[in-house]
Structures are given as structure tokens and as C-alpha cells.
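Residue numbers (the UniProt record's numbering), protein chains in the order written: chain H, 1 to 246; chain E, 1 to 219.
Just so you know, even glycine gets a beta-carbon here, dropped at the ideal spot from N, CA and C.
Keep in mind it's a predicted model, so treat the numbers as computed, not measured.
Taking it in order: structure first as C-alpha cells, then the write-up.
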């Protein structure tokens, strides 16, 4: 965990006159799993979305792989191929098959060879246990299956950093585990660097190398994972963990 | 009701029928092309052209086709532009229909969920790739019901062409009535003729709506 992948300094974000993120600072190293926790409306998802340019920020700097991020749409379009993101609503393209969903961006956007990408996509599908569904349409899949495909779709671009935005929040309980297993494997076997917004405390406790605890748009606590769940440093975080029955 | 009168008029109506079909088909084809272009210019907020497209839609939708036709047929020749009546009719239908079709396409494009567009952006797509792979395939499918309603509407609008003496169905009926004073017979043929075009077409379009929706979204 030596190489710095992402560095956020003095990041501030406003919606009009209302400030939603206050002086956010943190650094993320290669292979690290960072979990953003906090009550609803604390700015976790907003922070995550500013990290791949889906939300603009008004002050501060981002550094990705040692390069300062130029925050305009053209530069973000390139960067997003290195920063994969998976959403709560999975959002597979309904008019494309599973395989087409996965290969679209690597082939059409990155210009890689269709045959290579396809072979790779099939291998990834195999790993998440869905190779039988390559030719299926998203409508034929359960929520949990769709979310696993959405993860594979993001991975097919060979990202260096993955962002997970409450990826299990709209799944039935029995679907949650399969999706979380994949994220865990990705961290343990591929040493993928990731930032995870979640409300699954057990999962967070198992996977987080570090926890950023946010409240009201501020980072209240930046603590190693084990320590956060055993003994948070702030009253605010303790109350939050109590409220989550953890 | 005199069936012999109806029978005698049928060859005349057949010509009008063909002309109505031809004018409708040309006008609708043109309107679809104008509509999709105008709507994309607006969706992606293309500088200048997007604004002009917006102005065009407002003008075309807020003036009656009748007045647009008078303008084309009587005012343009004064400016040195003279078209045949049928050409005026098609231009008028494309002008009016293009605006309605544009609104239909726009409704479809705006109906593509924001999260779909975002997931395209998160994969690194630029504006053009978003249009090509996300907004167009889903937006076109969503706009089919509105476009289908416009098709029916525009076919009915061709009846207004009778005022600039294009011998389509309505004009044929009015002419015959003027000549022979058999309103009941000729109006009956007229109604039946429109129904022969519109009812099957309407059923076909409803079927098409369902097919396209299923092929795209699976519901």
C-alpha cells in the first residue's frame, strides 16, 4: 500500500448557495479499500460522485495517479475509463444482451479488439457464476445478477480504482451476499483499490482497510477499519454505529 | 341513398385515395427526418441551431396548417417562389409535421432515465457515444407512441389540402357535391375512404408500439 492512487485536498462542493461538502481531505493508496460511512444526507454519495466527475466541485484539487485532475468533461471522459463506478440501480442497457453490455465500452470507447474483449468478458462472467447468461437480456436476470453484471461491465474497462455507490441497497436480502462476495474477492484476489459507500455494516467491517465517517458534509473521522468498528474515536460515530445495531 | 351514384363516383374517389396516400407518405417521411434532426439539436443544446430549432417548433405548432398553406400557395409566388399545389401541400405537411414529430422525439429522448445516461458517462462515453448507444436506441423506442399519434394526425390534416385545390379525397368529395348535389352519398364514401386508411393503420401502429417496447425494454 505504497503508491498513492488518489489524493483529495480541500475539496468543497456547493449546490447553489448551500455547501454540501466541507474541506474534504484524504489519500487513497493502491490496493486499499476505503469505506464511506455516515447517516443519510451526510454527503457520502455526493463525495463518491465528485471523484469521477459526475458531480462538479467548486474548490479543492484531486490528484489521480500523481496527475492533477483537470475537471472538465473531456478530461473526465478519459479518466472514467480508469475509475469504474457501479450504482445502486445497476442500470444495464436494456436493449443489449449481457455480453454486449460488457463489451460495448471496451470495444467502442477504448477501441480494443472485439475478440479479445469478448474472451475476457466471458472469463469474467465465469468468475461471477453467470456465464450461462451471456446471451440473455437484463430483463431475464434478478437484481443480484444484474448487479454482478454491472460490476463485470465496469471491470472490463480495466479500471485502477472502483467506486461502489450503495450497490446492495435495492437488492433483496438473499441477493446481497453474492454481490458482496464478489467485491470481497476483487479486493482479496485482485487487490483492487476501491471506495465503497454502503449501509451493510457487517460487510464494511469485514472489508474496510479504512473508514471515512461523514456527517453533514464533513469528514468526522478517518480511522483504520478494525478500529472504527471496535472503538470509534468520536461520539458521533459511536451513535451512528449504535443506531445501525452494530 | 342512391348506390348507383356511389358506384359511379368510385373511380374518381380512387384517384383521390391514391393522392391522399402519396401526399401523406411523403409528408410524414419528411416530417420524421426533420423531427429527429430538430429534436437532437435541441436535446444536445447545439449552439444557435438548437435555439433556431426551438423557435421553428413554436412557430410551426402555433399557426394553423390552413394559414401555412395559404402562405406557401399565395404569398411565396409574390416572392418569386412558385410551387405546384401538391408540392405546397407536402412542404406544408413537412413543416407542420416536423415540429410535432420533433416534440414526439424530444419526449422520448427526455424519457431515457438519467441513471441510464449516467451509467453511460461512467463508462467514459462522450456526447456522441451517449447519443448513439444510450439516448437514441431507448429514446426512439419511447417516442413511438407519440410518433404514431402524429402519423394519424397528419393523414387527417391532408383533408385541408382541398382549399388549395389538390384533388385528394376531401377535395374530390367537395367537387362532386358541387357538381351533383349528392351530399349524403359522397360524404359517406369520403368517411369510409378515410376509415379504410386510418383504422388498419391505427391497429398496425399499436401493434408496432408494443413490439418496439418489448424489443427494447422487455415489458
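Enclosing alpha helix (DSSP H) for residue 44 of chain H [first to last residue]: First-last of the alpha helix (DSSP H) with residue 44 of chain H: 44-50.
Per-residue DSSP class, three states only, for residue 18 of chain H: When DSSP states are grouped into helix, strand and coil, residue 18 of chain H belongs to the strand group.
Listed by chain order, chain H residues near residue 126 of chain E by CB distance under 9 Å: In chain order: 73, 74, 77, 109.
Residues from the region 127-154 of chain H in contact with chain E, defined by Cβ distance under 9 Å: From the region 127-154 of chain H, only 137, 138, 139, 140, 150, 153, 154 have a Cβ closer than 9 Å to chain E.
Short-range partners of chain H found in the region 98-130 of chain E, where Cβ spacing is below 7 Å: From the region 98-130 of chain E, only 115, 116, 118, 119, 121, 122, 123, 124, 125, 126, 129 have a Cβ closer than 7 Å to chain H.
Per-residue burial, residue 81 of chain H [other beta carbons within 10 Å of its own, 16 or more giving buried]: It is buried - the Cβ of residue 81 of chain H has at least 16 other Cβ atoms within 10 Å.
Beta-carbon proximity of residue 152 of chain E to residue 202 of chain E, cut-off 9 Å: Yes. Within cutoff.
Proximity to residue 194 of chain E [Cα-Cα], best of E/173, E/214, E/180, E/210: Taking only the C-alpha atoms, the option nearest residue 194 of chain E is E/173.
Contact set between residue 194 of chain H and chain E, taken where Cβ atoms lie within less than 7 Å: Those do not exist, as residue 194 of chain H stays about 14 Å from chain E at its closest Cβ, beyond 7 Å.
Anticipated Cβ contact below 8 Å, residue 144 of chain H with residue 175 of chain H, distance rounded: Confirmed, Cβ separation roughly 3 Å.
Three-state class that DSSP yields for residue 222 of chain H in the structure shown: Reduced to three states, the DSSP call for residue 222 of chain H is strand.
Beta bridge counterpart(s) of residue 84 of chain H as assigned by DSSP: Partner residues in the beta bridge of residue 84 of chain H, as assigned by DSSP, are H/162.
Chain H residues whose Cβ lies nearer than 8 Å to that of residue 134 of chain E: The contacting residues are 93.
Range covered by the alpha helix (DSSP H) that runs through residue 210 of chain E: Looking at the DSSP string, the run of the alpha helix (DSSP H) that includes residue 210 of chain E is 183-217.
Validate contact between the region 141-158 of chain H and the region 90-110 of chain H using beta carbons, cut 8 Å, 3 pairs: Result yes; three or more Cβ-Cβ pairs closer than 8 Å.
Distance between residue 190 of chain E and residue 170 of chain E (C-alpha atoms, nearest Å): Between residue 170 of chain E and residue 190 of chain E, the C-alpha separation is close to 7 Å.
Buried or exposed by the 16-neighbour rule on C-beta atoms within 10 Å, applied to residue 104 of chain E: Counting Cβ neighbours within 10 Å, residue 104 of chain E comes out buried, since at least 16 surround it.
Cut-off 6 Å between Cβ atoms - residues of its own chain near residue 1 of chain H, not counting five sequence neighbours on either side: Since pLDDT at residue 1 of chain H reaches only 48, below the 50 mark, its modelled position is unreliable, and no value is offered.
Residue span of the beta strand (DSSP E) that contains residue 34 of chain H, given as start and end: It spans 33-37 - the beta strand (DSSP E) in which residue 34 of chain H sits, taken as one unbroken run.
Proximity below 9 Å, CB of residue 12 of chain H to CB of residue 6 of chain H: Contact: no.
Supposed close pair residue 108 of chain E, residue 38 of chain E - CB separation, criterion 8 Å: The distance from the Cβ of residue 108 of chain E to that of residue 38 of chain E is about 13 Å, inconsistent with a contact at the 8 Å cut-off.
Contained alpha helix (DSSP H) runs [length at least 4] in the region 140-184 of chain H, N- to C-terminal order: Segments of the alpha helix (DSSP H) lying fully in the region 140-184 of chain H: 143-155.
Residue 137 of chain E: contacting residues in chain H (beta-carbon distance under 7 Å): Result: 95.
Of the residues H/135, H/4, H/10, H/162, the one placed nearest residue 27 of chain H, counting alpha carbons only: Across the set H/135, H/4, H/10, H/162, the C-alpha of H/4 shows the shortest separation from the C-alpha of residue 27 of chain H.
Below-9 Å beta-carbon distance, residue 219 of chain E vs any chain H residue: Taking Cβ atoms only, chain H reaches closer than 9 Å to residue 219 of chain E, which makes this a yes.
Beta carbon of residue 96 of chain E nearer than 9 Å to that of residue 23 of chain E: In this structure, residue 23 of chain E does not lie closer than 9 Å to residue 96 of chain E by Cβ.
Inter-residue Cα distance where the pair is residue 69 of chain E and residue 34 of chain E: Going from the Cα of residue 69 of chain E to the Cα of residue 34 of chain E covers about 18 Å.
Any C-beta of chain E under 9 Å from that of residue 36 of chain H: For residue 36 of chain H, the answer is no, since every Cβ of chain E falls outside 9 Å of its Cβ.
Contacts that residue 105 of chain H makes with chain E (C-beta to C-beta distance below 8 Å): 123, 124, 125, listed in chain order.
Which residues DSSP lists as bridging residue 194 of chain H, in chain order: By DSSP's assignment, residue 194 of chain H forms a beta bridge with H/33, H/162.
Per-residue contacts from residue 80 of chain H into chain E (C-beta, under 9 Å): The contacting residues are 121, 122, 123, 124, 125.
Terminal residues of the alpha helix (DSSP H) in which residue 123 of chain H lies: Unbroken alpha helix (DSSP H) run through residue 123 of chain H: 114-127.
Beta-carbon separation (whole angstroms), residue 50 of chain H vs residue 57 of chain H, contact threshold 8 Å: Rounded, the Cβ-Cβ distance is 5 Å, consistent with contact.
Strand pairing of residue 4 of chain H, partner residues [DSSP]: When DSSP reads this structure, residue 4 of chain H sits in a beta bridge with H/29.
Three-state class that DSSP yields for residue 12 of chain H in the structure shown: Strand.
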